[in-house]
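Asker:
Numbering (the working numbering), first residue to last: 565 to 802.
#1: Tell me which same chain residues have a C-beta within less than 7 Å of the C-beta of residue 580, skipping the five on either side of it?
#2: Given a threshold of 16 other Cβ atoms within 10 Å of its Cβ, counted over all protein chains shown, does residue 712 qualify as buried or as exposed?
#3: Does DSSP classify residue 608 as helix, strand or coil?
#4: Name the one or two DSSP bridge partners that residue 600 has.
#5: Of the residues 573, 758, 612, 569, which one's Cα is nearest the Cα of residue 771?
#6: Taking the beta strand (DSSP E) that residue 777 falls in, what are its first and last residues?
#7: So what's residue 580 in DSSP terms, helix, strand or just coil?
#8: Is the segment 585-605 close to the segment 651-670, with three or more CB pairs under 8 Å?
#9: Taking 9 Å as the threshold (C-beta atoms), are residue 686 and residue 649 in contact?
#10: Below 9 Å between beta carbons: does that hold for residue 812 and residue 709?
#11: Can you have a look at residue 800 and say buried or exposed, based on whether 16 or more other CB atoms are within 10 angstroms of its CB?
#12: Roughly how many whole angstroms lie between the Cα atoms of residue 541 and residue 684?
#13: Can you say whether residue 775 is buried or exposed, counting buried as having 16 or more other CB atoms within 10 angstroms of its CB?
#14: Please classify residue 665 as buried or exposed, where buried requires at least 16 neighbouring CB atoms within 10 angstroms.
#15: What's the gap between the Cα of residue 723 and the Cα of residue 584?
#16: Since residue 767 and residue 720 should fall inside the 8 Å C-beta cutoff, what is the C-beta to C-beta distance between them, to a whole number of angstroms?
#17: Pull up the DSSP beta-bridge partners for residue 573, would you.
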């Protein structure tokens, strides 16, 4: 049995860009299970935290340690950005791409990709040029492409921003199914309702500082963080 790459431990991490501190002395332990929602006002450092966990950012202080070597950890996680990255090829070939780069025969990869496309509601668009998809369809494609390689950890940065209610519901259904199947999920969102629907635990940042880390029940019911309370009340958080 393959051992888990989790927990992931961030200790006193600092990220600076162009002389500005984006994350300031952040310590977080990512447990082996859960659906973690990262929240906070614009500029709080949410995306940077996700990128740091995923290995797309370097820390100027502190440490980021998986429970295995970094190369193995990179191969067992996936990242979906706010704007889906779409390659100029068909829907089925976009979804199959992670398998083909791992050396799986193209015919086999396309067969698995077709099943994923059908599962997420793109079964009728297999041969369509992916760049012609709507915003919601692009996000579903990006999710399928991330999940097809069965990552242990999935990072998502605001995956439903600017989507309508129907598309948002479809994306959430896919994410809930992935979580139920054992995928560890870490996701940023500004949508408090979405966070309440999905989160098992919440990380709240403000000005690059960790203000709260607690279960979803405790966070939404009785957070002791003043910035978090203001945020949940709809107030401006400075």
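For each residue, glycine too, the CB sits at the ideal point set by N, CA and C.
Note that the structure is a prediction, hence the values are computed from the model and not measured.
Answerer: So, to answer that:
#1: 586, 624
#2: Answer is buried; the Cβ neighbour count reaches 16.
#3: coil
#4: 750, 765
#5: 612
#6: 773-779
#7: strand
#8: no
#9: no
#10: The chain is shown only over 565 to 802; residue 812 falls outside these bounds and no answer can be derived.
#11: exposed
#12: What is shown of the chain runs 565 to 802, which leaves residue 541 out entirely.
#13: buried
#14: Its Cβ having fewer than 16 others within 10 Å, residue 665 is exposed.
#15: 26 Å
#16: Contact doesn't hold; Cβ gap of about 14 Å is too wide.
#17: 593, 629
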